[in-house]
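*Asks:*
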Amino acid sequence: MNTHQTVAAVSVDENRLDRLAELAVRVGLNLQPGQDLLLTAPLEAAPLVRRIAIHAYQAGAGLVTPLFADPEVTLARFRHGADDAFDRAPGWLYDAMGKAFDANTARLAVVGDDPMLLAGEDPEKVGRANKANSIAYTPARERITRFDINWNLVAWPGSAWAGRMFPKLPHAEAVARLADAIFAASRVDGDDPVGAWKAHNAALRARSDWMNAKSFHSLHFRGPGTDLMVGLADGHEWMGGASVARNGITCNPNIPSEEVFTTPHAARTEGVVAATKPLSHMGSLIDGIRVRFESGRIVEAHASRGEEVLRKLIDTDEGAARLGEVALVPNGSPIAQSGLLFYNTLFDENAACHIALGQCYSKCFRDGARLDAGEIAARGGNTSAIHVDWMIGSADIDVDGVHADGSRLPVFRKGEWAPDAR
Ligand code: ZN
Ligand code: ZN
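Quick note: to get our numbering, add 1163 to the position in the sequence shown (first position is 1).
1) Can you tell me which of Val1551, Ser1447 and Ala1483 puts its alpha carbon nearest to the alpha carbon of glycine 1290?
2) Could I get the ranges of all uninterrupted beta strand (DSSP E) runs contained in the stretch 1290 to 1374, with 3 residues as the minimum, in chain order?
3) At a cut-off of 7 angstroms, is glutamate 1512 close to ligand 1 when judged by its beta-carbon and the heavy atoms of the ligand?
4) Please classify threonine 1508 as buried or exposed, where buried requires at least 16 other C-beta atoms within 10 Å of its C-beta.
5) Are the beta-carbon atoms belonging to valine 1227 and tyrosine 1220 less than 8 angstroms from one another?
6) Return helix, strand or coil for isoleucine 1217, following the three-state DSSP convention.
7) In chain order, what are the residues with a CB under 6 angstroms from some non-hydrogen atom of ligand 2?
8) When we look at the beta-carbon of leucine 1230 and count the other beta-carbons within 10 Å, is it buried (16 or more) or exposed?
9) Pick out whichever of Asn1545, Gly1275, Glu1421 and Ala1299 has its Cα sitting closest to the Cα of arginine 1327.
10) Can you tell me the Cα-Cα spacing of arginine 1474 and alanine 1484, whole angstroms?
11) My parser needs the beta strand (DSSP E) runs of 3 or more residues fully inside the stretch 1375 to 1446; what are they?
12) Could you pull the DSSP bridge partners for methionine 1554 from this structure?
13) Following a CB-centred definition, is histidine 1363 positioned closer than 7 angstroms to any heavy atom of ligand 1?
14) Report whether the distance from the Cβ of histidine 1334 to the nearest heavy atom of ligand 1 is below 7 angstroms.
15) Less than 7 angstroms between the CB of phenylalanine 1108 and some heavy atom of ligand 1, yes or no?
16) In the DSSP assignment, find the unbroken alpha helix (DSSP H) run with proline 1234 in it and report its ends.
17) With DSSP run on the structure shown, which of helix, strand or coil describes leucine 1183?
18) Enumerate in chain order the residues of its own chain whose CB-to-CB distance from arginine 1139 is below 6 angstroms, with the five nearest sequence positions on each side excluded.
19) Am I right that alanine 1222 and arginine 1182 are in contact with their C-beta atoms under 8 angstroms? What's the rounded C-beta distance?
20) What residue range does the alpha helix (DSSP H) around alanine 1541 cover?
21) How is glutamate 1512 classed by DSSP in three states: helix, strand or coil?
22) In whole angstroms, what separates the C-alpha of glycine 1199 from that of leucine 1281?
23) Taking one C-beta from the stretch 1438 to 1455 and one from the stretch 1503 to 1523 each time, how about it: are there three or more such pairs within less than 8 angstroms?
24) Tell whether a beta-carbon distance below 8 angstroms holds between arginine 1460 and valine 1423.
25) Hey, is alanine 1490 close to ligand 1, as in C-beta under 7 angstroms from one of its heavy atoms?
26) Which residues bound the beta strand (DSSP E) around valine 1472?
27) Using only the heavy atoms of ligand 3, determine whether one of them is closer than 7 angstroms to the beta carbon of histidine 1399.
28) Check whether the stretch 1565 to 1581 and the stretch 1375 to 1392 are in contact - that is, three or more C-beta pairs closer than 8 angstroms.
29) Do leucine 1486 and asparagine 1545 have their beta-carbon atoms positioned less than 8 angstroms apart in this structure?
30) Which class does isoleucine 1449 belong to by DSSP, given the choice of helix, strand or coil?
31) Can you list, in chain order, the residues of its chain with a C-beta nearer than 6 angstroms to that of arginine 1576? Leave out the 5 residues immediately preceding and following it.
32) For arginine 1460, list the residues DSSP reports as bridge partners.
33) Could you say which of Trp1360, Phe1456 and Asn1267 lies nearest to glutamate 1185 if we only look at CA atoms?
34) So does histidine 1517 have its beta carbon nearer than 7 angstroms to some heavy atom of ligand 1?
35) Once the 5 residues before and after glycine 1388 are set aside, which same chain residues still bring their CB inside 8 angstroms of it?
36) Excluding sequence positions up to five away, which residues of its chain have a Cβ less than 6 angstroms from the Cβ of alanine 1532?
In structure tokens:
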């Protein structure tokens, strides 16, 4: 018996679960009549997936196709798989996903896995398996980062995940606490989640409009262990909350979401940065990250835990050592204020300013939908088989917007939006 064994089902509040499913379909995806839906989820999340399917068909969905993953099967691979099998990945499946997205299928991913599922496995094999998977996933990832179709991530209170977050609580209580945290962060606590998201989207829009009006050349982050100048891509555009996919559908890709974000210039980040939260990456925990950038590239990387997985990650390809996203999140965000560490990027990245290594979002350019890969690269957009966010914000972080002539404006002070930044 280990902590990952499936445990007796714990009931999750049906009402709020149903609101979350409805929110994912109506606001997250804004699924259109006749549109197909591809759903990925952990096995345990079936109760949420079933409700999503009901709301999707009620919204007029064409075909809803769920794909479930089982942590026990993942562990079986690491414990019993042949060594040379760790460089393999189901490329055929990701090719098919690419085809589905080309046919205007929407994508919904339910997260809820054990963030430390692979913590006890051989880091060399974990690194190889992650690399093979990231590369094979390219056909699907490309279409998501290009924002071809409406997509959404939403969370299920997985039992192993809850156990990691609340190790001292009895199991049912831990799941209930995580469920409460997910429902609160996803804004499905009130009577009108759809209305709450409308107001929230307007607030995020105001922030990104301000950043776009300023059109900074770089952002300067300063805090404990951090003195980092992040160059912004030429013609970058800040986004946040609801946005329009290339298929014309306005969706909210992440539930929850508290960030405004854009594309850094792949060759113009300089200095040192220390992570402010641990990063859970594909079942491994990487903690105490400290890196140094020169001309946009990581030239030194350390971690107090998981350094080998971090090195393998940066090593995935040329673009994996460069930035593909920079995002601003105030310390007053509800997720930060909950004081919880989720060990899950969907939540933790919405509690703190963050940067992402790897692939950029080509939508984060003015007229991004019309640019081809060459034009995006010429403007400084990065390309990679990975996109991994990690947190660099806290109540101690200051951010200045820096114009090309060197003049500066305060953007964040002590982890909050500066008074003029609105
Ligand atoms: Zn982000
Ligand atoms: Zn990201």
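For glycine and all other residues, C-beta sits at the position ideal for the given N, C-alpha and C. Remember, it's a predicted structure, so these values are computed and weren't measured experimentally.
*Replies:* According to the structure shown:
1) Among Val1551, Ser1447 and Ala1483, the Cα nearest to that of glycine 1290 is on Ser1447.
2) Those beta strand (DSSP E) runs which fall completely within the stretch 1290 to 1374 and span 3+ residues are 1314 to 1318.
3) Flag set: Cβ of glutamate 1512 near ligand 1.
4) Of the residues assessed, threonine 1508 falls on the buried side of the cut-off, its CB having 16 or more other CB atoms within 10 angstroms.
5) Yes, the Cβ-Cβ distance between valine 1227 and tyrosine 1220 is below 8 angstroms.
6) Residue state, collapsed to three classes: helix.
7) Working through the chain, the matches are Glu1488, Ala1519, His1550 and Asp1552.
8) Exposed, since its Cβ has fewer than 16 Cβ neighbours within 10 Å.
9) Answer by Cα proximity: Gly1275.
10) Computed Cα separation, rounded: 9 angstroms.
11) Within the stretch 1375 to 1446, the complete beta strand (DSSP E) runs of at least 3 residues are 1381 to 1386, 1389 to 1395, 1423 to 1425, 1427 to 1437 and 1442 to 1444.
12) His1517.
13) Residue side-chain check: histidine 1363 keeps its Cβ at 7 angstroms or more from all non-hydrogen atoms of ligand 1.
14) It does not: the Cβ of histidine 1334 is nowhere closer than 7 angstroms to a heavy atom of ligand 1.
15) Nothing can be reported for residue 1108, as the shown portion of the chain is limited to 1164 through 1585.
16) In this chain, the alpha helix (DSSP H) harbouring proline 1234 covers 1234 to 1243.
17) Here leucine 1183 carries a helix assignment [DSSP, helix/strand/coil].
18) Nothing can be reported for residue 1139, as the shown portion of the chain is limited to 1164 through 1585.
19) The Cβ separation is near 15 angstroms, so there is no contact.
20) Secondary structure note for alanine 1541: its alpha helix (DSSP H) is the uninterrupted segment 1536 to 1541.
21) Reduced to three states, the DSSP call for glutamate 1512 is coil.
22) It should be pointed out that residue 1199 corresponds to aspartate in this sequence rather than to glycine. Roughly 33 angstroms between the two C-alpha positions.
23) Judged by pairs of C-beta atoms under 8 angstroms, the stretch 1438 to 1455 touches the stretch 1503 to 1523, as three or more such pairs exist.
24) No; because the gap between Cβ atoms is not below 8 angstroms, this pair is not in contact.
25) True, at least one ligand heavy atom lies under 7 angstroms from that Cβ.
26) Counting along the chain, valine 1472 falls outside any beta strand (DSSP E), though it belongs to the alpha helix (DSSP H) covering 1470 to 1477.
27) For ligand 3, the structure offers nothing, since it holds only ligand 1 and ligand 2.
28) Touching, yes.
29) Yes, Cβ-Cβ distance for asparagine 1545 and leucine 1486 is below 8 angstroms.
30) When DSSP states are grouped into helix, strand and coil, isoleucine 1449 belongs to the strand group.
31) Once the five neighbours on either side are set aside, the close Cβ partners of arginine 1576 are Asp1561.
32) Paired residues: Glu1457 and Arg1485.
33) Among Trp1360, Phe1456 and Asn1267, the Cα nearest to that of glutamate 1185 is on Trp1360.
34) Yes, ligand 1 has a heavy atom inside 7 angstroms of this Cβ.
35) Within the same chain, Val1435, Val1436, Ala1437 and Arg1453 come within 8 angstroms of glycine 1388 by CB-CB distance, once the 5 residues on both sides are set aside.
36) Within the same chain, and ignoring the five residues on either side of alanine 1532 in sequence, the residues whose Cβ sits closer than 6 angstroms to its Cβ are Arg1409.
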